[in-house]
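Below is one structure, written out as structure tokens; comments come after it.
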Amino acid sequence: MREPALIRMLPDGRRMHLHDGPIDLIVEANGAPQAVSAAYEAAERRFVSILDELCGELPLLRQAARINSERPRGAVARRMFAAVEPYCEDCFITPMAAVAGSVAEEIIETMTAAADLDRAYINNGGDIALHLGDRQSYKIGMVERPDHPSLFGYLEIISVNPVRGIATSGWRGRSFSLGIADAVTVLADCASAADAAATVVANAVNLPDHPGVRRTPAREISPDSDLGDLQVTRGVEPLSQFEIDEALINGLRAATQLREKGLIHSAALCLQKCVRLLPGLTMKSECDRRDGFPRLRAPEVHARLELAGRTNPHA
Amino acid sequence: MPDVFPPDTVRCDACPVLCYIKRGHAGACDRYANVEGQLVRVDPHILLDRAKSQGTPLVPFLEREGDWDGKIMKGQETFVTAIGAGTTYPDYKPAPFIVSSEVEGVDMVTVVTEGIFSYCGVKLKIDTDRHLGPERNLVRAQGEPIGHVTTAEYGSQMLSLGGVHHLTGGSKSEGRVTCETLLELCNGKEVELTIDEGASVRVAAGKPPVVNGQREERMRVGCGSATIGMFAKQWFGKVDDVVVVDDHITGVLSEHQAGKLLGVRETGIAIQGRRSTPGRYFQVAEPGTGWGGTNISDPLTILKPFKPKFAWPHLRLLMVSTTGEQFAYYELDETLRPVEKELPEALKESVGRIRENCEPALTTVLFMGGAGGSLRAGVTENPVKLTDSVKRKLTRVTCGGAPAYIWPGGGITFMVDVTRMPENAFGYVPTPALVAPIEFTLKKDDYAVLGGHVDYVRPLGDVLKEKERQRQLISHAQNPWPLKPHAGGDES
Chain A
1 MREPALIRML
11 PDGRRMHLHD
21 GPIDLIVEAN
31 GAPQAVSAAY
41 EAAERRFVSI
51 LDELCGELPL
61 LRQAARINSE
71 RPRGAVARRM
81 FAAVEPYCED
91 CFITPMAAVA
101 GSVAEEIIET
111 MTAAADLDRA
121 YINNGGDIAL
131 HLGDRQSYKI
141 GMVERPDHPS
151 LFGYLEIISV
161 NPVRGIATSG
171 WRGRSFSLGI
181 ADAVTVLADC
191 ASAADAAATV
201 VANAVNLPDH
211 PGVRRTPARE
221 ISPDSDLGDL
231 QVTRGVEPLS
241 QFEIDEALIN
251 GLRAATQLRE
261 KGLIHSAALC
271 LQKCVRLLPG
281 LTMKSECDRR
291 DGFPRLRAPE
301 VHARLELAGR
311 TNPHA
Chain B
1001 MPDVFPPDTV
1011 RCDACPVLCY
1021 IKRGHAGACD
1031 RYANVEGQLV
1041 RVDPHILLDR
1051 AKSQGTPLVP
1061 FLEREGDWDG
1071 KIMKGQETFV
1081 TAIGAGTTYP
1091 DYKPAPFIVS
1101 SEVEGVDMVT
1111 VVTEGIFSYC
1121 GVKLKIDTDR
1131 HLGPERNLVR
1141 AQGEPIGHVT
1151 TAEYGSQMLS
1161 LGGVHHLTGG
1171 SKSEGRVTCE
1181 TLLELCNGKE
1191 VELTIDEGAS
1201 VRVAAGKPPV
1211 VNGQREERMR
1221 VGCGSATIGM
1231 FAKQWFGKVD
1241 DVVVVDDHIT
1251 GVLSEHQAGK
1261 LLGVRETGIA
1271 IQGRRSTPGR
1281 YFQVAEPGTG
1291 WGGTNISDPL
1301 TILKPFKPKF
1311 AWPHLRLLMV
1321 STTGEQFAYY
1331 ELDETLRPVE
1341 KELPEALKES
1351 VGRIRENCEP
1361 ALTTVLFMGG
1371 AGGSLRAGVT
1381 ENPVKLTDSV
1391 KRKLTRVTCG
1401 GAPAYIWPGG
1411 GITFMVDVTR
1421 MPENAFGYVP
1431 TPALVAPIEF
1441 TLKKDDYAVL
1451 GGHVDYVRPL
1461 GDVLKEKERQ
1471 RQLISHAQNP
1481 WPLKPHAGGD
1491 ES
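Protein chains in written order, with our numbering: chain A, 1 to 315; chain B, 1001 to 1492.
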């Protein structure tokens, strides 16, 4: 029985909760009251058909994206495909890798098209789309494990930063991961790009053939998973500091490449309470930088992260 | 779509993703899972924390962060509800959670399970004086029959929805729509119902009903005529005439039987509209959202000129609506025209009293279900003994921590006010049937006597350690604490 989409204001009266099947969005907009309600109404109207649109093309969206793939038709599905397309020659990736970020992005664009807002965010289970008007900012908490929302640091994004999308991926999250990262948080131009990149970087944080990593073909857990017979991570035993570093360096290497291609602005990678940062993010508190990538033992140290590029939006 | 699945894979139809879910796993949303081959909703298992002080609203806590040391919460202050507990139905085996805790020196046991109810329904009380439809006519949702109009009660109309015949006895879509509507109502959502040869209503538990697009605000204390009857004595001597403006029956004190009995003098007042009996007028104006459910904003528009034969200068006139929300006070000038004046102190009280007697119009949703044999078998090896224990009030029945009213007679047939249960406490299975939480709390000694599954009793501390899927809520301030010994099994 098809449950209808749930649309409600949260008890604080400011945030809106949109829920439909596996999609769960928290929406908040700031601005003039009429603008906020116009934006919420537009978000509602757009939201109710999104899941059905996506499901109409689900078989296609679950197939590996290739340069010559058939392009999906729906607006959200096109965002998904565009977000994963840069990776499709180098690795197996399906448009589903960017579904959460693409939904968030579709809603935020609907809202900003409908009304003039000071700022707004859509949080789709940790994949976040932002709108920042002139001189606006958001302070964003970062978690080291998506299943245990304990913050390891905060990040402030201000309007002159180019970041409008933030996404987090890891094997403990709701989607499957091929890697062993607890959480990889990526900052990008938009939410769909951040979502795809977070998936790719989290997959790269890995120790291939390590006996302490338990893996299962995705299909054995979820028969219709887009990952088919690929081995997804189901458990990671406690690793030595050397192994943690090795896995994180694998991820940092991949992330650095994405940054050089201009696909992302920065990233934070977390594995068993170790956090490493890509250039672009700097730690305000004291940390160890022996190999050039700031290292933080979380959550003992709570850090304030600083994003570079405050003065030049195109840095 | 995909190849061949193990035989106990289920396909979830709660959303268009239509996940295939293997036994023991959840779908993409993490909200529905395959439990023993049955599709079951698996939202976080809800625990209630006893409110520290009365009056604390039901507030969901975030999932606890950090490690649980087992000491933060004293045992007697946490009650494990059945919401999200799952069920062992249809197997004959112990309920998913049988939890022991010591309360005021007494060892208590709570048997916690989600029941699958094909025999269930909703009793709806809609506070309205509007005619919703003839008694016994069908109530429909999305065009499907899901219940019927039953008796009208004082100021309210009762509807009976669901029940096994609509859930499983009709067409497939009748069952589906019935299940969907009951689920929405029980989870506090608004639904739209239409009544054959009657009105269309939008209702949600604890909210004012909307009848044919019009929202009911307050229950009238009575019609205009009844209001005259109730307050005539309080007005006598303080004012010369009173008009209670009402779309149904507008009342006039000086002409009304109640005024005559008190000896109220004729005032020469003349009212627009159709006179029914002395002092009672129909159709003084069109229906609307103004005074007393009419379309008027200036009450003088329903008055014709006073008759000079009876009226006198300085005559005092009160006009008030049936809910007391609108009122105006006039005195006649030398030409017998009403001039508005400030309401005298002596009349303020009576207007206030009309208002305070008009209670907010609400919709009440009572879930009604019967605990079948296999559900009871999850509690005890001898199901009839549970019935007996409940009837003797040794066992208390709660639904998500809310008190349940147990019907006298055979079986365990209960009713519960859904607004006293935590949010989204109900689920469904595609059978179709509703999934409702149910908890049985009794003394550990009594549990052993009735043949309970004592080997499966686990201390509360153990259950609390499994914090992965648990969510803590503050219990509803009006609910008696379910673990309190000897609080009685009845509704408080």
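The beta-carbon is built from N, C-alpha and C at its ideal position, and this holds for glycine as well.
Chain A partners of residue i, CB-CB under 8 Å?
i, result
"residue 1025 of chain B", "221, 222"
Comparing alpha-carbon positions, which option in the options lies nearest residue i?
i, options, result
"residue 1125 of chain B", "B:1290, B:1149, B:1225, B:1159", "B:1159"
"residue 1177 of chain B", "B:1188, B:1258, B:1143, B:1267", "B:1143"
"residue 1188 of chain B", "B:1445, B:1427, B:1482", "B:1427"
"residue 1250 of chain B", "B:1282, B:1262, B:1277, B:1264", "B:1282"
"residue 1270 of chain B", "B:1308, B:1101, B:1476", "B:1308"
"residue 267 of chain A", "A:116, A:144, A:92, A:100", "A:144"
"residue 1408 of chain B", "B:1396, B:1418, B:1391, B:1423", "B:1391"
"residue 1359 of chain B", "B:1320, B:1221, B:1336, B:1327", "B:1221"
"residue 246 of chain A", "A:159, A:275, A:130", "A:275"
"residue 1167 of chain B", "B:1321, B:1154, B:1118, B:1355", "B:1118"
"residue 1120 of chain B", "B:1435, B:1199, B:1457, B:1462", "B:1435"
"residue 230 of chain A", "A:220, A:237, A:174, A:239", "A:220"
"residue 172 of chain A", "A:199, A:25, A:260", "A:199"
"residue 203 of chain A", "A:189, A:227, A:211", "A:227"
Residues in the same chain with beta-carbon distance under 6 Å from residue i, minus the five sequence neighbours each way, listed in chain order, please.
i, result
"residue 1415 of chain B", "1366, 1368, 1405"
"residue 1437 of chain B", "1081, 1082, 1083, 1114, 1399, 1400, 1425"
"residue 1057 of chain B", "Low per-residue confidence applies at residue 1057 of chain B: pLDDT is 29, beneath 50, and the placement is therefore not dependable, though the value from the model is reported in the following sentence. So no residue of the chain qualifies."
"residue 20 of chain A", "5, 51"
"residue 395 of chain A", "Residue 395 of chain A lies beyond the residue range present for chain A, which begins at 1 and ends at 315; the question has no answer from this structure."
"residue 1395 of chain B", "1389, 1440, 1442"
"residue 1163 of chain B", "1121"
"residue 1413 of chain B", "1370, 1407"
"residue 18 of chain A", "7, 25, 47"
Contact defined as beta carbons within less than 8 Å: I believe residue i pairs with residue j. What is the distance between those atoms, to the nearest angstrom?
i, j, result
"residue 80 of chain A", "residue 98 of chain A", "5 Å"
"residue 115 of chain A", "residue 39 of chain A", "4 Å"
"residue 1236 of chain B", "residue 1262 of chain B", "5 Å"
"residue 1473 of chain B", "residue 1078 of chain B", "That belief does not hold up - the Cβ atoms of residue 1473 of chain B and residue 1078 of chain B are roughly 10 Å apart, past 8 Å."
Strictly below 7 Å CB to CB, what residues from chain B border residue i?
i, result
"residue 55 of chain A", "1016, 1017"
"residue 52 of chain A", "1016"
What residues in its chain sit with their C-beta under 7 Å from that of residue i, if we drop five residues either side in the sequence?
i, result
"residue 1092 of chain B", "Only weak support exists for where residue 1092 of chain B lies, its pLDDT of 49 falling under 50; the coordinates are left without a value."
"residue 232 of chain A", "176, 177, 178, 215, 216, 218"
"residue 1090 of chain B", "Below a pLDDT of 50, predicted positions are generally treated as unreliable, and residue 1090 of chain B, at 48, falls in that range; the measurement from the model is reported next regardless. Hits under 7 Å: 1374."
"residue 1069 of chain B", "Since pLDDT at residue 1069 of chain B reaches only 34, below the 50 mark, its modelled position is unreliable, and no value is offered."
"residue 1328 of chain B", "1299, 1319, 1340"
"residue 205 of chain A", "179, 180, 181, 184, 247, 248, 250, 251, 269, 271"
"residue 1007 of chain B", "none"
"residue 244 of chain A", "271, 272, 274"
"residue 1311 of chain B", "1267, 1268, 1332, 1336"
"residue 1013 of chain B", "1430"
"residue 125 of chain A", "24, 100, 174"
"residue 12 of chain A", "none"
Using a cut-off of 8 Å between C-beta atoms, extract the partners of residue i located in chain B.
i, result
"residue 2 of chain A", "1013, 1014, 1015, 1016"
Against residue i, what residues of chain A qualify as contacts under a CB-to-CB distance less than 7 Å, listed in chain order?
i, result
"residue 1028 of chain B", "22"
"residue 1329 of chain B", "Result: empty, since nearest Cβ-Cβ is about 38 Å, beyond 7 Å."
Output, in chain order, the set of chain B residues within a Cβ distance shorter than 9 Å of residue i.
i, result
"residue 174 of chain A", "1028, 1029, 1030"
What does residue i pair with, by DSSP beta-bridge criteria?
i, result
"residue 1385 of chain B", "None; residue 1385 of chain B has no bridge partner."
"residue 102 of chain A", "In the DSSP output, where bridge partners are listed per residue, residue 102 of chain A has none listed."
"residue 123 of chain A", "A:26, A:128"
"residue 1100 of chain B", "B:1109, B:1459"
"residue 1241 of chain B", "B:1317"
"residue 7 of chain A", "A:18"
"residue 1440 of chain B", "B:1111, B:1397"
"residue 188 of chain A", "A:165"
Using a C-beta to C-beta distance shorter than 9 Å, which residues of chain A count as neighbours of residue i?
i, result
"residue 1304 of chain B", "Simply none; closest approach about 46 Å."
"residue 1022 of chain B", "220, 221, 222, 223"
"residue 1009 of chain B", "223"
Can you give me the Cβ contacts of residue i inside the same chain, cut-off strictly under 8 Å, excluding the 5 residues immediately before and after it?
i, result
"residue 64 of chain A", "88, 92, 93, 94"
"residue 1298 of chain B", "none"
"residue 78 of chain A", "71, 72"
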